[in-house]
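Visitor: Note that this note's numbering has the sequence shown beginning at 3, numbered continuously upward.
Handing you this structure, nothing more for now.
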Amino acid sequence: MRRIWTIAVLTCIICSLASCRPKGVLSSGQMEDLFVDLHRAEGIIYVNGYMNGHDSIVRLTYDSILAAHGVTRAQFDSSLVWYTDNPMMFNKIYPHVMERLETMQKEERRNNEEAIQREKEEMMQKQGQQSASPPPDSERLLKMK
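Have a look at this one:
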């Protein structure tokens with residue numbers, strides 16, 4: 003019984019050591035935040051047609067995002083390698099990234115729909131006001147007859 007207990011403890015220690023991040027590797031929260039911003043930037047780059055033949059724009063965009071997060075390219079690259087080598091940790095991060103992106107997309111869609119609805123209502127109000135009141139020159143035109 004004691005031997006089983008020892009093996010179980012050693013297994014737990016080995017597993018926990020295997021999942022410890024080395025110094026300099028970004029935390030899962032930092033990686034999640036970076037992935038969200040990088041994916042959003044990639045979407046903008048793609049929609050604007052900058053994916054092919056505009057490497058300098060793409061590199062500048064990535065570097066500015068990394069700088070905004072206080073992360074160097076080397077830190078990001080080594081962290082990406084570590085998370086790729088530790089897929090269990092990577093798999094914990096990525097669903098959160100996708101969830102956040104989907105939430106942002108839904109919020110953006112809702113905001114756009116609300117803006118369109120407000121514009122429609124404003125146009126309806128303007129049209130209602132214009133038809134209810136005579137044009138400003140109508141009195142002058144009546145006097146001329």
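No residue lacks a Cβ here, since even glycine has one placed at the ideal position from N, Cα and C.
Of the choices R75, E116, D57, S81, whose alpha-carbon is the least far from that of K25?
Guide: Measuring from the Cα of K25, the nearest candidate turns out to be S81.
Visitor: How big is the Cα-Cα spacing for I67 and L40?
Guide: 7 Å
Visitor: Going by C-alpha to C-alpha distance, which of Q131, M100, Q77, K108 sits closest to T29?
Guide: The amino acid at residue 29 is misidentified as Thr; the sequence shows Ser. Minimum Cα distance to S29 is reached at Q77.
Visitor: What residue range does the alpha helix (DSSP H) around G150 cover?
Guide: No answer is possible for residue 150: it lies beyond the span of the chain, which begins at 3 and ends at 147.
Visitor: According to DSSP, is T74 part of a helix, a strand, or is it coil?
Guide: coil
Visitor: Assign N114 to one of three DSSP states: helix, strand, or coil.
Guide: Helix at N114.
Visitor: Here's a check: name, in chain order, each residue in its chain whose Cβ is nearer than 6 Å to the Cβ of K128, leaving out the five neighbours to either side.
Guide: none
Visitor: Could you tell me how far apart the beta carbons of K60 and R102 are, in whole angstroms, since I believe they sit closer than 8 Å?
Guide: Contrary to the premise, residue 60 reads as Val rather than Lys in this sequence. Not confirmed; about 22 Å, so no contact.
Visitor: Mapping the DSSP letters down to three states, classify Y96 as helix, strand or coil.
Guide: helix
Visitor: Mark Y85 as exposed unless 16 or more other C-beta atoms lie within 10 angstroms of its C-beta, in which case mark it buried.
Guide: buried
Visitor: Please report the distance separating the alpha-carbon of I46 from that of I95.
Guide: 22 Å
Visitor: Determine the DSSP secondary structure at V83, reduced to helix, strand or coil.
Guide: Note: V83 maps to helix in three-state DSSP.
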